[in-house]
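Notes for the one structure printed next.
Residue numbers (our numbering): 2 to 291.
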């Protein structure tokens, strides 16, 4: 069986690591796996190249004008049915992504294609429709879409139009996978997807060297010095992770029992760096600094 896994980048994020772990497991199970990446730059590139053939979609030559035309026609259909409610930057990204993904489907001819992240999901489904791919198209969602849009768009009407676009495209999937029951319910409520195509499969949690890593003594002084309990938060510093809520909770606990917070996760974008600064100020105001 031939599989194609579509990723947005190789930048070392959690979703990207999960997809590579999955690709590795599928390869070891004897399946023929190919990786397609919208943006092939990133620290995970050497690992990806060691796992499976890597298609770099930003450099993939789209040989057929028919692929380009049918991709554009498919996107126009989706957006006109939703009243052009999608932000222009999102439309530009799809116009850029879909022809390359369509060409990858033609090139690999997979039995199953799997994507992760909303951008990749929409590109895969639009591309599959554009070229009439026979592959089973399975998409996976790792974020709470309604919460993400609510944090970015204050106009409810615009959020509904976007949900109509995404829901219309997602409904064409052969399967939709969420990584938690809460995300599944969000897709059912927010996008109106039929329950029979949405199922929950949790992220693969263990790698071969996990036990060896767990046996190593910690290097962080706070984890060696047991003077105060330590709360460990793992995840990049971004709005979705809810660090502001965590700080409020820790401030309440700190009134009864002093403790420390160890946050493990980077801030890789300008807005995340700005959030990191705001959280540091918040820590000081709540008496959690130092």
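Where a beta carbon is used, it is the ideal one built from N, C-alpha and C, also for glycine.
Source: prediction; values computed, not measured.
Can you round the beta-carbon distance between residue i and residue j to whole angstroms, since I take them to be within the 8 Å contact cut?
i: residue 36; j: residue 6; result: 5 Å
i: residue 13; j: residue 45; result: 5 Å
i: residue 167; j: residue 146; result: 7 Å
i: residue 261; j: residue 231; result: 5 Å
i: residue 98; j: residue 39; result: 6 Å
i: residue 19; j: residue 204; result: 5 Å
i: residue 189; j: residue 180; result: That pair is no contact at about 15 Å.
i: residue 8; j: residue 117; result: 6 Å
Does the Cβ of residue i have 16 or more other Cβ atoms within 10 Å, making it buried, or fewer, making it exposed?
i: residue 152; result: exposed
i: residue 155; result: exposed
i: residue 202; result: exposed
i: residue 11; result: buried
i: residue 217; result: exposed
i: residue 100; result: buried
i: residue 213; result: exposed
i: residue 25; result: buried
i: residue 211; result: exposed
i: residue 250; result: exposed
Give the range of the beta strand (DSSP E) segment to which residue i is assigned.
i: residue 264; result: 261–265
i: residue 178; result: 176–179
i: residue 188; result: Segment: none, residue 188 is in no beta strand (DSSP E) and carries neither H nor E.
i: residue 3; result: 3–10
i: residue 134; result: No beta strand (DSSP E) holds residue 134; DSSP gives it neither H nor E.
i: residue 148; result: Unbroken run through residue 148 is the alpha helix (DSSP H), 146–153; no beta strand (DSSP E).
i: residue 201; result: 199–201
From residue i to residue j, what distance separates their C-alpha atoms?
i: residue 240; j: residue 109; result: 37 Å
i: residue 274; j: residue 243; result: 15 Å
i: residue 94; j: residue 222; result: 44 Å
i: residue 171; j: residue 143; result: 14 Å
i: residue 90; j: residue 215; result: Only weak support exists for where residue 90 lies, its pLDDT of 46 falling under 50; the coordinates are left without a value.
i: residue 226; j: residue 16; result: 33 Å
i: residue 149; j: residue 165; result: 15 Å
i: residue 286; j: residue 234; result: 20 Å
i: residue 174; j: residue 107; result: 18 Å
i: residue 247; j: residue 50; result: 37 Å
i: residue 114; j: residue 138; result: 5 Å
i: residue 255; j: residue 42; result: 42 Å
i: residue 130; j: residue 197; result: 21 Å
i: residue 169; j: residue 23; result: 27 Å
Give the single residue among the options whose Cα lies nearest to the Cα of residue i.
i: residue 236; options: 265, 252, 253; result: 265
i: residue 119; options: 22, 127, 112; result: 127
i: residue 52; options: 42, 224, 27; result: 27
i: residue 136; options: 102, 24, 150, 148; result: 102
i: residue 112; options: 159, 124, 3; result: 3
i: residue 48; options: 32, 21, 159, 31; result: 21
i: residue 245; options: 277, 178, 133, 219; result: 277
Alpha helix (DSSP H) containing residue i: first to last residue?
i: residue 37; result: That residue, residue 37, is in no alpha helix (DSSP H); its beta strand (DSSP E) goes 33–40.
i: residue 53; result: No alpha helix (DSSP H) holds residue 53; DSSP gives it neither H nor E.
i: residue 234; result: Not the alpha helix (DSSP H): residue 234 falls in the beta strand (DSSP E), residues 231–235.
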